[in-house]
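Residue numbers (the numbering used here): 1 to 312.
A virtual CB, placed ideally from N, CA and C, is assigned to each residue, including glycine.
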Amino acid sequence: MVLSADSSERLSFLRRIQQGDLVIVYERHDHMKAVKVTEGCVMQNRFGVFKHSDWIGKPFGSKVFSNKNGFVYLLAPTPELWTLVLSHRTQILYIADISFVVMYLEIVPGCLVLESGTGSGSLTTSLARAVAPTGHVYTFDFHEQRAASAREDFEKTGVNSLVTVGVRDIQGEGFPNDFLGQADAVFLDLPQPWLAIPSAGKMLKPDGILCSFSPCIEQVQRSCETLNLQFTDIRTFEILLRTYEVKETRVEFSKGDEGFSFRSPPHKKRQHSTDKGNAVEASGPATVMAKPCGESRGHTGYLTFARLKCLS
Ligand SMILES: C[S@@+](CC[C@H](N)C(=O)[O-])C[C@H]1O[C@@H](n2cnc3c(N)ncnc32)[C@H](O)[C@@H]1O
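The structure is reproduced here in structure tokens:
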């Protein structure tokens with residue numbers, strides 16, 4: 001995992017793959033998985049059998065081959081890729097929301113961040129990188145097994161020295177008093193965040209920022225009523241990401257009763273055909289077309305940010 005704010009020290013630049021490393025095996029942007037490199041083990045997929053021993057000593061980013069000359073890429077387990085491959089024990093935050101949260105919470109190296117619930121640790125992993133190398137994330141979940149699995153994952157991805165996972169009912173008990181006035185930022189992903197907001201306010205440094213993620217607008221309304229008592233600059237955002245599919249195609253143009261019209265032929269090969277009696281006049285050169293992906297992720301939730309009122 002990347003622990004340094006300096007991009008020249010990125011794990012993938014610094015190190016070669018070693019026995020015991022976690023690598024992201026990349027087939028396609030929508031087909032990746034995390035694998036622990038173990039001498040003597042193999043990974044098998046539709047492209048053949050890959051020996052882990054062939055991977056050891058290669059730089060991250062390498063293309064490696066199977067016994068059938070199929071290939072995959074071995075990538076470093078960055079938070080961005082980890083979010084796409086981690087095992088979902090809960091709903092998770094994805095890159096669009098995560099990047100906005102890190103920016104709007106003004107998280108920089110050295111920050112102390114409080115989070116609840118931990119869930120699958122998707123957000124926590126990015127928070128850890130943002131506070132590295134001198135900051136710390138204290139994350140709490142009331143579900144013991146989830147907290148334990150999150151700890152195991154943070155160990156696997158190498159952020160465990162930057163994250164402490166606590167088991168605690170944050171809605172019922174609030175954050176521990178050890179953090180009174182110490183937190184630079186607090187993040188809540190809880191079903192009833194308004195119950196945890198008064199405690200979060202006590203934990204923040206003057207001018208500290210809170211963010212609450214909720215899937216339903218009714219939760220946002222209730223949270224805002226509570227935030228209003230202690231916080232200022234309250235704002236809610238919904239982040240919608242639009243992904244484009246880009247492919248090379250040939251455009252044919254044909255002359256009909258209503259003049260020229262353009263269409264993409266059904267097959268890649270250049271072809272001369274007629275369409276409803278319209279003669280195909282010419283086939284254009286290969287061109288790159290982009291269209292929004294049909295399966296773009298829609299609503300995930302609302303992100304409400306607020307800054308602690310400074311009373312003095
Ligand atoms: C949706 S998940 C959080 C997902 C996380 N943001 C991520 O990106 O992976 C919500 C978590 O809150 C935890 N939770 C619910 N109520 C809680 C409470 N009162 N105190 C602490 N954790 C709680 C649940 O156990 C669950 O793991």
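Should P79 be listed as close to ligand 1, given that the test is whether its C-beta is under 8 Å from any heavy atom? no
At a cut-off of 8 Å, is R222 close to ligand 1 when judged by its beta-carbon and the heavy atoms of the ligand? no
- Query: Is T90 near ligand 1, going by C-beta to nearest heavy atom under 8 Å?
  - Reply: yes
### Message
Could you check whether the stretch 127-135 touches the stretch 108-115, counting it as contact only if at least three pairs of C-beta atoms, one from each stretch, sit closer than 8 Å?
### Response
yes
**Message:** In chain order, what are the residue ranges of uninterrupted beta strand (DSSP E) at least 3 long that sit wholly in the stretch 120-151?
**Reply:** 136-141
Original post:
In the DSSP assignment, what residue or residues form a beta bridge with A34?
Top reply: I24
**Item:** Unbroken alpha helix (DSSP H) run spanning I217, endpoints
**Value:** I217 to Q230
Residue from N67, V72 and S99 with nearest C-alpha to L241:
S99
- Item | Nearest candidate by alpha-carbon position, reference G37, set L105, H31, F50 and Q19 | In the sequence on display, residue 37 carries Val and not Gly. That would be Q19, whose Cα lies nearest to the Cα of V37.
In angstroms with no decimal places, state the Cα-to-Cα distance between V251 and A148. 55 Å
Checklist line | Check whether I92 and T83 have beta carbons under 9 Å apart | finding: yes
Go ahead and pull the three-state DSSP assignment for G57.
coil
- Message: DSSP has L204 in a bridge; who is on the other side?
- Response: A183
*Coil, strand or helix - P176 by DSSP*: coil
To the nearest angstrom, how far is it from the Cα of F213 to the Cα of Y302?
-> 6 Å
Margin query: By the three-class DSSP mapping on this structure, what secondary structure does K309 have?
Written below: coil
Under the three-state DSSP convention, the category F154 falls into
helix
Going by beta-carbon coordinates alone, are I197 and L210 separated by less than 9 Å?
yes
### Query
Can you give the Cα-Cα distance for H88 and E115, rounded to whole angstroms?
18 Å
Sequence-distant residues of the same chain with beta carbon closer than 6 Å to L127, five excluded per side
V113 and V137
Should R15 go down as buried or exposed, given a rule of 16 or more other Cβ atoms within 10 Å for buried?
exposed
Item to complete: Starting from S116, follow the beta strand (DSSP E) in both directions and report where the run begins and ends.
Response: L112 to S116
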